[in-house]
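Each remark here refers to the structure printed beneath this line.
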Amino acid sequence: MLEPLPYQQQLVEFLKTEEAELWAWFRDNGRTSQAVETARLDLLKATYRLDQIEYEPLYLVAQQVAESLEIDTPITLYRAAHSEGLNAALAPLPDEAHIVLMGPVLESLDEQGMKALVGHELGHYLLDQHGNGDYAIARQLLDSLTWDSNAHGAHFATARLYDLYTQVFCDRAALRAVGQLDDVITMLARVETGSAPTSAAQYLREAEQALASHDQSMASETAASLSGFVRARALQAWNRNEGSTAAIAAIVEGKRELEHLDLLGQRDIELQTRSLLTALLSPPWFQTDAVINHAKLFFADFAVDKSIAVDQLANHLSIESESLRDYFCFLLLDFCTVDRRLEDGPLSQAIHIARSVGLGEAFATVAQRELRVRKTQYEKVEQDVDAVLAAALGAANHTEDPPTES
Numbered sequence: 360m361l362e363p364l365p366y367q368q369q370l371v372e373f374l375k376t377e378e379a380e381l382w383a384w385f386r387d388n389g390r391t392s393q394a395v396e397t398a399r400l401d402l403l404k405a406t407y408r409l410d411q412i413e414y415e416p417l418y419l420v421a422q423q424v425a426e427s428l429e430i431d432t433p434i435t436l437y438r439a440a441h442s443e444g445l446n447a448a449l450a451p452l453p454d455e456a457h458i459v460l461m462g463p464v465l466e467s468l469d470e471q472g473m474k475a476l477v478g479h480e481l482g483h484y485l486l487d488q489h490g491n492g493d494y495a496i497a498r499q500l501l502d503s504l505t506w507d508s509n510a511h512g513a514h515f516a517t518a519r520l521y522d523l524y525t526q527v528f529c530d531r532a533a534l535r536a537v538g539q540l541d542d543v544i545t546m547l548a549r550v551e552t553g554s555a556p557t558s559a560a561q562y563l564r565e566a567e568q569a570l571a572s573h574d575q576s577m578a579s580e581t582a583a584s585l586s587g588f589v590r591a592r593a594l595q596a597w598n599r600n601e602g603s604t605a606a607i608a609a610i611v612e613g614k615r616e617l618e619h620l621d622l623l624g625q626r627d628i629e630l631q632t633r634s635l636l637t638a639l640l641s642p643p644w645f646q647t648d649a650v651i652n653h654a655k656l657f658f659a660d661f662a663v664d665k666s667i668a669v670d671q672l673a674n675h676l677s678i679e680s681e682s683l684r685d686y687f688c689f690l691l692l693d694f695c696t697v698d699r700r701l702e703d704g705p706l707s708q709a710i711h712i713a714r715s716v717g718l719g720e721a722f723a724t725v726a727q728r729e730l731r732v733r734k735t736q737y738e739k740v741e742q743d744v745d746a747v748l749a750a751a752l753g754a755a756n757h758t759e760d761p762p763t764e765s
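Number 765 marks the last residue of the sequence shown (the numbering used here); no jumps.
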């Protein structure tokens, strides 16, 4: 059985916790009889049903696909009364499989292409049924957040990513239904572009080239325009058993950018920020009242967590984009001038932490520019880091030592 992707699973758990009241409302009210009847009426007004006798071969294809995906729900097929482009959609009716064909689908796709398209749409059905409807609730909740007048960038970025991961999941269902990657890629290319590709292999080569030539970020218009290529590459990686969580995330999400973080990204950067501050302020001599009070401007409950190890932090810090590297560098630099009584200690500690987490060069650039020091001056500070930190620690230990009795 196909499982939702890790991003989808994590987001569902996040929304259950962080949007508990809204989640409960959609859980209890999203599938009322009135909502179902409204959706059914909308379906009847916008489509006409395909007769099972007249379209018997098509219904046989749909039934074969359903059996391959272990779906025993009867399938009803429709054609959209008015539509542009080539596509299909699953009508949002709970526990029912109503597939709407849009544009000249029947005239454009061969039998394998139709199997792939129906398999993709039944993937939506499988996802909606999974986890007691949790993934359908997540989609409805995200729609409500983006429709709200107070919606912010993270809501839109999250909705875009959730939709893209949903397409990736459904493409896997299509592949499970037809068994051949080329058939799914050909269908995907036909639907995305409106014309048949030279070959599935050619479309995959174009996808690889397009993604390699773009600095893909999580919510950019460029990334949205490349969604067909992203889906093709993600499916290819999964088919090759190269679809680890990290590998698929790299294809689907691209580089994290500070300006385009989704809700999960914001949570991760918040946790990383807290961990980096803990590492920076770990020396007791750095924990003056002024410094700790400044840290509490970031986190009201801030306290140094001695379990945080710098070497572990280095493996989990998101520094793949320039915007995030700059953010963490400015965070370190911000604490260098909070308590002037500490003299060179804070800057030396910041340099030490920056080196440890892979930000040495980036921090040097930021520090020289913002502190207005020449390169030779900064290099001298770098050379003296170990000596300065040792002296600061020694002075702190000496201050804490009790006087000896004479």
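Ideal placement from N, C-alpha and C gives every residue a C-beta, glycine not left out.
At a cut-off of 4 residues, the continuous stretches assigned as alpha helix (DSSP H) that sit fully inside the stretch 522-570 are 540-552.
Here PHE528 is near GLY482, since their CB atoms are less than 8 Å apart.
Positions of the alpha helix (DSSP H) runs, each at least 4 residues long and wholly inside the stretch 625-686, are given as 648-654, 669-673 in order along the chain. The criterion of a C-beta distance shorter than 8 Å is satisfied by THR647 and ASP698. Within the same chain, Cβ atoms closer than 6 Å to the Cβ of VAL669 are found at ALA638, SER715, the five residues on either side in sequence being excluded.
Here GLN367 has TYR524 as same chain residues with Cβ atoms under 6 Å from its own Cβ, once five neighbours each way along the sequence are excluded. Cβ contact annotation for ARG386 (same chain, cutoff 7 Å, sequence separation greater than five): ILE496, in chain order. With contacts defined by Cβ atoms closer than 8 Å, ALA673 and GLY717 form a contacting pair. PRO453 is a Cβ neighbour of VAL395, given a cutoff of 8 Å. Assignment of THR724 by DSSP, reduced to helix, strand and coil, places it in the helix class.
Annotated three-state conformation of ILE412 is coil, per DSSP. Around the beta carbon of TYR407, fewer than 16 other beta carbons lie within 10 angstroms, which makes this residue exposed. For ARG438, DSSP records a beta bridge to TYR407, LEU460. For LEU730, the three-state secondary structure derived from DSSP is helix. ASN598: member of the alpha helix (DSSP H) spanning 586-598, first to last residue. When the beta-carbon positions are compared, ALA726 and LEU690 stay at least 8 Å from each other. One Cα belongs to PRO363, the other to ALA654, and the distance between them is close to 38 Å.
In the structure shown, ALA608 falls within a helical segment according to DSSP collapsed to helix, strand and coil. Pairing ALA559 with ALA475 gives a Cβ-Cβ distance that is not under 8 Å. Under the criterion of beta carbons closer than 8 Å, LEU617 and SER666 do not qualify as touching, at roughly 27 Å.
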